[in-house]
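For reference, the structure is listed below as structure tokens.
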Amino acid sequence: MAAAQGGGTAAGGAATGGAAAGGSRAGRAAAGRAAGRATAVVLLCAVVVGCAVWASDEWGDTAQRQVAGQFAERAHAGLRPLKPTSPSALPVPTADDRPGKGSSGEIVVRVSRAKGADWRVTAQYRLLLRESDPLAARLRAGPDTFGGVSGVMPGGYATALAARRNATDRTYPERGTVSQTSARGTVTVTAEHSTTFKDLQPGTQFAYRFGTLVTDAEAKPVPRPPGRWHWRMDVPDGWGFSVSGRPTLQTARTVRYTLPEQPAQMTVIAELVAPRTAQKGERRPVWQVRPGSSQEALLSLLALAAVTVGALSAFLTAPGGSAASPRRTRAAVALTVTALLGAVAALLVHSYSSKWRVLFWLWGAVSYPHNALVPNTLPLESRTQGTLLGTVLFVLPVLAVTVTLRLRAGRLPHRAELCLVAAPAPALVLLAWLMGGGHWTRAVLTCLVTASAAACAVYAALRWRLCGSAARPWAAPLAVAAWTAVAAVVVLQVLPWQFQLSPDDGTLSLTDRDVGVSWPLAFLLPVPWVTALLLLACPLLPPAIRPAWKGRLALGAVLVTALLPWWTSLRRPGRPATSDLFAQLAGQWPGDDFIYGVRTIAPAVQVMWCAAVVVLLAHLYAGGTERGRWGPGVRRDCVTLLLFAASATVIGSPDSWLPYWTTAAALLTAWAGAHLLLPPARAAHATRLHALSGAAHARLLNSLARALLFAEGRHRFLTSSRSTLADTSLAADSWEETWQSLRQPTAADAARETARLKAVALGGSAGRTAWCNGVTAAAVTALLTLPWTAWTLWQADGYSGVPEAVTVAGAPTCVWLAHGFAYGYLYPWLRGATPVAKAGWLWAVMSAVQVLLLVPRLRVPQGPIALSVFLLLAQSTVLALGLALYWEIRLVRRADLLWGHIRNFRRLSSLATPLSAVLVATMAAVATVLATTWANNVTSPVETPSPSPSTTSAPERP
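Going by the working numbering, the final residue of the sequence shown carries number 1371, and the count climbs one at a time with no gaps.
What follows is the structure, given as structure tokens:
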């Protein structure tokens, strides 16, 4: 028996060992399959990126040949660029004028208004020398010799040469001032020279070319002195920059360079764009550099990315989304963590690396002349911006339709739906071919071939299950997305053009065919998002108002027209209107300069924002039309709507809101506040309250009125019986009998019972649908915020189009409307027991978001800050209090009762008259004294900086 037991133990051990070995082999096999799928995904992405890079190189080479053709055409016509003025009147330096080792200095050029149409250009020189430098002793003995030294200083020769208008002008300082604080301290030499220019016209330029060296008496260039040398220029309103090379600082009004010891091709061209004559008695504004920074902008981008990824991940885990599994949830979390780590790494590198400024061009409107394509290649900024625009305008609509249909209907889009949403991409390529003509045939064919190759590779890899069996149904949508990505990214880097040379003045302009083709091309850019909007929103509408295909075509045409930026401030004289549209939407005038920066990407993101909000509202409508029941994922959708509203200003004017840390704080506050308002723990309780019918609501409210009536009766009986008991007109037995009769209808703990009854009776939806409640609350919100909204719309001039006006000028109203809609739609879910308590939580969240988003609008750091915050909080208070009281009236009237049956006004009657008088007087004073400040400092549109270019070469225009 022992032997048998030993044999059984051995057999059991062998079985356990075999199971462990089998499990180990299965684990290794699963790990191998996962590694194989990951490798296939990486290789597939590499194939798509390689196709895009190949087509982009060919596209850029074609654009370069086109610019070279323009140069050749002008050369053949005998149009030569003007030679610079002879510098013979400038000071001729000597070897003694060169500062020695350890020296440094700075030149600051300022442009200011002189008188009328006159302008003054002032150059200030500051030279730091060691005490032992021979030049210091020479300048002490002869300060009038500083003129020669100023030409040797890096940037000094270019400064003097740019201000000359004829050979006799003296544009350099003749004398310097020497100062020294101690015997062995640094010697400081300062000088200043001003030149006044009369009657300057728009288009006047001052070109500062730092690559040119001054020559001595023998016509030999004088080498630059060692040390750190800086050059800076400040311009007022009406002036713009065209910059080549990479400055160390650039804003709309300032550009600053650190000049290297070896001359480099750096150029600053200050151009008078649109002078404005000051009216009599008008105070000129003081222009200041905005306090925002690139580090704060990256922090805001990090917060925006975190909030966006968090909102999207809710669609994988929340009820009503996809059937999320732990594996998919872990994948979403891993993707979020990876994205956040990458953003933090980029922030650290950008903050602490002096040589690698990866996003230096992103925060402003940076210009690049198209003539710089010869002899240079297409810059990295064009490739990056084209990639972003192609992804936002053409690729994301395809992915949005695919993912939304998968989550909502459990299916992938049909072939017809895929063709509709992806059709604008091949149309974009063909229209670009028509604009470019025969010169672009090779580039267009390369683009089509590479896009097709990328799509075929994606389709084959997914159909053959190289990336896993779960990805096989996604083969067609992802192949279409790959084709769209390659084609759109390549075309939007450089829009093709054909030019014609005017025989009269030698100017180049677009051909008539280009002008004709440019119209459908401009209208094509918003079409993908409009198509996605119609595909996703129209099926959710009720049959009575659901448009047929003809109605959808008409509605699509209206939406495309409304989404275009018709009132763009980026205008070039002598060019068609579509050229200015392309400058706003694609960041380039065809055949002319490029504009880089987040401002160029903003219109595309605004179109996406508008489409996403409409689709989200349609989804909320579809889930909120049944009485007593919410659709799946309503909390997730309302939280997303609140986040969309909070990000409106960032989407509308990213260059003005991103460079402030308060923007990141506002986005994170909106995210946290949405979860605070709608706690997940209240889901079951809110569902029960929302399911109460109108009859049940009436019974509960009648019970509440009864309880409040007996409570008020007991209170009044106690008050009135004091005198009757004292004068013995009421017997004690009668008093006790009356008191017990008043207490008998209520429970022992009357206060707690009344509070619970009030929470149920005033916490439900009153038998109405969620959509009806949400629309009603939004309408009341719009009415209560009408003064702010009306004044904002009255002041909403200077915006490029409807999307920008809605997202920037209407941003505070968007926040209020979104919170008001959520108040009605998910009223039983909101934190709080009564309408006033729920509105109090609502006020706290939306006021915090509004105040944080207000910071970039406050331009003057004085009294208007407190005033603006006061007005904003006052408007939020009026909204929250008015909405709460109206909602209480609405709930009471639903039960056919009067408001006075629930709200006791007798306790407030003594305060009604004085409070109303004080309130009226206060509001009258505020409206009379502060309306102008409100308009100018709170609701006026944020100034759009003029393009301030940053390039890598100094080309000349043909």
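Each residue gets a CB set at the ideal place from its N, CA and C atoms; glycine is no exception.
I'd like to check one pair, residue j with residue i: are the Cβ atoms closer than 8 Å?
i     : j     : result
H783  : V480  : yes
A620  : T680  : yes
S1060 : L1091 : no
G1046 : L1102 : no
N1186 : G1237 : yes
V602  : G589  : yes
V1018 : V805  : yes
V648  : V524  : yes
A536  : T572  : yes
G879  : P939  : Sequence check: residue 879 is Leu here, not Gly. Cβ distance not < 8 Å, so L879 and P939 don't count as in contact.
Y1009 : Q798  : yes
G1223 : T1205 : yes
L1114 : L1310 : yes
T1226 : T1202 : yes
A1015 : I1064 : yes
T1220 : W1256 : no
Looking only at its chain, what residues have a beta carbon closer than 6 Å to the beta carbon of residue i, apart from the 5 residues adjacent to it on each side?
i     : result
A1111 : A1308
G1086 : V1258
S931  : T991
Could you say which of the options lies nearest to residue i if we only look at CA atoms?
i     : options                     : result
L548  : V524, A573, T572 and A508   : A508
E587  : G598, G555, G568 and S595   : G555
A677  : T661, S657, A665 and V686   : S657
L386  : V904, L968 and K1171        : With the chain covering 414 to 1371 only, the question about residue 386 has no answer from this structure.
L1239 : C1051, D557 and W1300       : C1051
T1062 : V805, Q1288, F610 and V1268 : V1268
D1005 : V1020, V907, L1266 and A975 : V907
V928  : A967, A901 and P1003        : P1003
T617  : T1167, A683, R446 and F995  : A683
N789  : K514, D470 and L994         : D470
L1089 : L1121, L1055, T558 and R543 : L1055
W887  : L825, A945 and V1020        : L825
A1151 : V1173, S1213 and L1131      : The sequence shown places Thr at residue 1151, rather than the Ala named in the question. It is L1131 whose Cα lies nearest to the Cα of T1151.
V1020 : Q614, A813 and E1217        : E1217
L843  : G881, P909, K1171 and L820  : P909
E674  : A604, A459 and S516         : S516
Q997  : P989, P978, A990 and R876   : P978
T1247 : A1183, L1296 and R796       : L1296
G1233 : S1213, L1196 and P1200      : L1196
L833  : A864, S1142 and T944        : T944
Am I right that residue i and residue j are in contact with their C-beta atoms under 8 Å? What's the rounded C-beta distance?
i     : j     : result
T1100 : V1262 : Not confirmed; about 28 Å, so no contact.
G518  : L552  : G518 to L552, Cβ: 13 Å. No contact.
F1007 : Y781  : 4 Å
L831  : V893  : 5 Å
A867  : V461  : 5 Å
R511  : V466  : Not really, about 47 Å apart at Cβ, beyond 8 Å.
Kindly indicate the opening and closing residues of the beta strand (DSSP E) around residue i.
i    : result
M566 : M566 -> no beta strand (DSSP E), and no H or E assigned at all.
L542 : W532 to L542
R645 : W642 to D647
A604 : V600 to F610
W652 : W652 to S657
With a threshold of 8 Å on Cβ separation, who are the neighbours of residue i within its own chain once the five nearest residues in sequence on each side are excluded?
i     : result
V787  : Q477, V480, A481, F484 and P1368
V1282 : V1264 and L1267
If I measure Cβ to Cβ from residue i and keep anything under 7 Å in the same chain, skipping five residues before and after, which residues do I get?
i     : result
L1286 : S1260
V1228 : A1058, A1059, M1259, V1262 and Q1263
T1075 : L1265 and V1268
D629  : V505, P506, T507 and V635
A1035 : L953 and G1044
W942  : P810, V1020, M1021 and A1024
The alpha helix (DSSP H) spanning residue i covers which residue range?
i     : result
Q997  : A990 to L998
A900  : A888 to V904
H1088 : W1074 to L1090
A576  : From DSSP, A576 is part of no alpha helix (DSSP H); its letter is neither H nor E.
Q1001 : Taken as a continuous stretch (DSSP letters only), Q1001 belongs to no alpha helix (DSSP H), as it is neither H nor E.
W1204 : L1199 to W1207
Does any C-beta atom of chain B lie closer than 8 Å to the C-beta of residue i?
i     : result
L1091 : This model lacks chain B altogether; it includes just one protein chain.
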